[in-house]
Amino acid sequence: VGGDVTATPESDDNEYLCPVTIGGQTLNLDFDSGSSDLWVFSTSTPSSEQQSHTIYNPAKSSTFKELNGFTWQISYGDGSGASGTVGTDTVTVGGLTVKNQAVELATAVSSEFVTDSANNGLLGLAWSNLNTVEPTQQQTFFANAGPQLQQNVFTADLRHDQPGSYDFGFIDTSKFQGNLNYVPVDNSQGFWQFTVDGYAVGDGATGGNSFSAIADTGTTLLLLDDNIVSDYYSQISSAQNSNSAGGFVFDCTEDVPDLTLQIGDYAAVVPGSLLNFSQNGDGTCFGGIQSDGGQGFAILGDVFLKAQFTVFDQGNVQLGFAPK
Ligand SMILES: CC[C@H](C)[C@H](NC(=O)[C@@H](NC[C@H](O)[C@@H](N)CC(C)C)C(C)C)C(=O)N[C@@H](Cc1ccccc1)C(=O)OC
Numbered sequence: 002v003g004g005d006v007t008a009t010p011e012s013d014d015n016e017y018l019c020p021v022t023i024g025g026q027t028l029n030l031d032f033d034s035g036s037s038d039l040w041v042f043s044t045s046t047p048s049s050e051q052q053s054h055t056i057y058n059p060a061k062s063s064t065f066k067e068l069n070g071f072t073w074q075i076s077y078g079d080g081s082g083a084s085g086t087v088g089t090d091t092v093t094v095g096g097l098t099v100k101n102q103a104v105e106l107a108t109a110v111s112s113e114f115v116t117d118s119a120n121n122g123l124l125g126l127a128w129s130n131l132n133t134v135e136p137t138q139q140q141t142f143f144a145n146a147g148p149q150l151q152q153n154v155f156t157a158d159l160r161h162d163q164p165g166s167y168d169f170g171f172i173d174t175s176k177f178q179g180n181l182n183y184v185p186v187d188n189s190q191g192f193w194q195f196t197v198d199g200y201a202v203g204d205g206a207t208g209g210n211s212f213s214a215i216a217d218t219g220t221t222l223l224l225l226d227d228n229i230v231s232d233y234y235s236q237i238s239s240a241q242n243s244n245s246a247g248g249f250v251f252d253c254t255e256d257v258p259d260l261t262l263q264i265g266d267y268a269a270v271v272p273g274s275l276l277n278f279s280q281n282g283d284g285t286c287f288g289g290i291q292s293d294g295g296q297g298f299a300i301l302g303d304v305f306l307k308a309q310f311t312v313f314d315q316g317n318v319q320l321g322f323a324p325k
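Position in the sequence shown (from 1) plus 1 gives the number in our numbering.
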């Protein structure tokens, strides 16, 4: 048994949305390997915050069950957040069904979510020890689906400005080139966390110290240690760290170097074309590489994941990467 679902990018590849059916109602959700709550806009969300979102109505589901007194509250690295109540329902993703999945109903969402009308909630794909439900922590959709999967994995094939896919329970070898390169995962903090052994800018030599990183499908950019960020942008003559733009920008006419992250024996190349992330409208462009804010691990978000086929292996607690 498995599932295959299309991941459609918002403008500027800001995030990727996938159709999820909950109690017979289909909503587009943001699949997030950086958190572990499945939450949705619902009839419990204040109407002023519902705006043009698709909402889930538990009253219309014959399989919804309230978890009385259960609550959740989550805050994300970008400062956004949400909170609410909890129930269970039947959740289907790309043909893969989990019964009695914890579904978290938002009774409050931060402004970032209110204004992002394409995003009707999140489906967390990190490890369940990060789930925020109280008094009893809940399992993720992927954790619940694990026992019924042919292979206890999901894969991410995110694309620039075109639909990609998430597959659950199998590895589609037509989606990547060569062999998969596996690296062990430390899931003690609940993330898909692993070690990067070095980096190279452009066709320069691989150097630097090894560092910790997480694979996060819910983060847009590639967030790295300040020293690496400075080293990278020192190769782009017009690059500057702009407060108004919120990070490093450079002239759009510049030739932007690749970045290679050495992961074990695997050299993960992020092409310069993906590192010129978006136009600011004034002739400058916003970089796909930005600071990780000094939080102790790098965040390999969609800018990185667009350049790799990635296997999130729950059974063997490892990540696999291959070029596409
Ligand atoms: C359960 C909380 C989840 C796991 C939350 N996860 C995250 O914030 C990670 N993923 C972030 C999400 O992918 C986010 N970008 C989704 C969008 C739609 C809002 C970051 C760290 C890469 C977290 O760590 N939140 C921190 C807040 C934080 C994190 C990073 C920096 C600063 C502050 C917290 O509250 O931890 C208890």
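We put the beta carbon where it would ideally sit given N, CA and C, even for glycine.
D187 and S112 have their C-alpha atoms spaced approximately 33 Å apart. The stretch 92-107 makes contact with the stretch 40-48; the number of CB pairs closer than 8 Å reaches 3 or more.
Residue burial is scored here from C-beta neighbours: A60 has fewer than 16 other C-beta atoms within 10 angstroms and is therefore classed as exposed. In the DSSP assignment, Y167 falls within the unbroken beta strand (DSSP E) covering G165 to F169.
Taking all protein chains in view, the Cβ of G179 is surrounded by fewer than 16 other Cβ atoms within 10 Å, so the residue is classified as exposed.
For Y233, the CB stays at least 6 Å from every heavy atom of ligand 1. The shortest C-alpha to C-alpha distance from G209 to any of V197, Y77, T218 and A216 is the one to V197. Cβ-Cβ separation between S12 and H54: approximately 17 Å, too far for a contact (criterion under 8 Å).
When the beta-carbon positions are compared, L131 and F32 stay at least 7 Å from each other. Assigned with DSSP and collapsed to three states, N145 falls in helix. Within the DSSP secondary-structure output, G4 pairs in a beta bridge with F169. The C-alpha of Y200 lies about 39 Å from the C-alpha of L28. Membership of I229 in the alpha helix (DSSP H) is indicated by the continuous run D227 to Y234. Proximity to S239 across I229, T254, G247 and F169 peaks at T254, based on C-alpha coordinates. Each residue's CA atom was taken as its position, placing G273 and F287 some 12 Å apart.
With contacts defined as CB atoms closer than 7 Å, A157 and T218 qualify as a contacting pair. Looking at the backbone, the Cα of D90 and that of G294 are separated by about 37 Å.
Under DSSP, C286 takes part in a beta bridge, and its partners are F251 and Q280. In this model, V257 and N58 are separated by some 47 Å (Cα to Cα). Sixteen is the threshold: since fewer than 16 other Cβ atoms of the shown chains lie within 10 Å of the Cβ of G25, the residue is exposed. Non-local C-beta neighbours of K66 in its own chain, meaning closer than 8 Å and more than five positions away in sequence, comprise G88, T89, D90 and N101, ordered along the chain. Within the model, the alpha-carbon separation for A268 versus K176 is close to 18 Å. C-alpha of Q151 to C-alpha of A206: approximately 41 Å in a straight line.
Contact annotation, A83 with W40: C-beta distance approximately 6 Å; criterion of less than 8 Å satisfied. Listed as beta-bridge partners of A201 by DSSP are T261.
For P324 and T261, the gap between their C-alpha atoms comes out near 12 Å.
In the structure shown, the three-state DSSP call for P272 is coil. Going by C-alpha positions, G282 is about 14 Å away from G247. In this structure, I290 has its CB at a distance of at least 6 Å from all heavy atoms of ligand 1.
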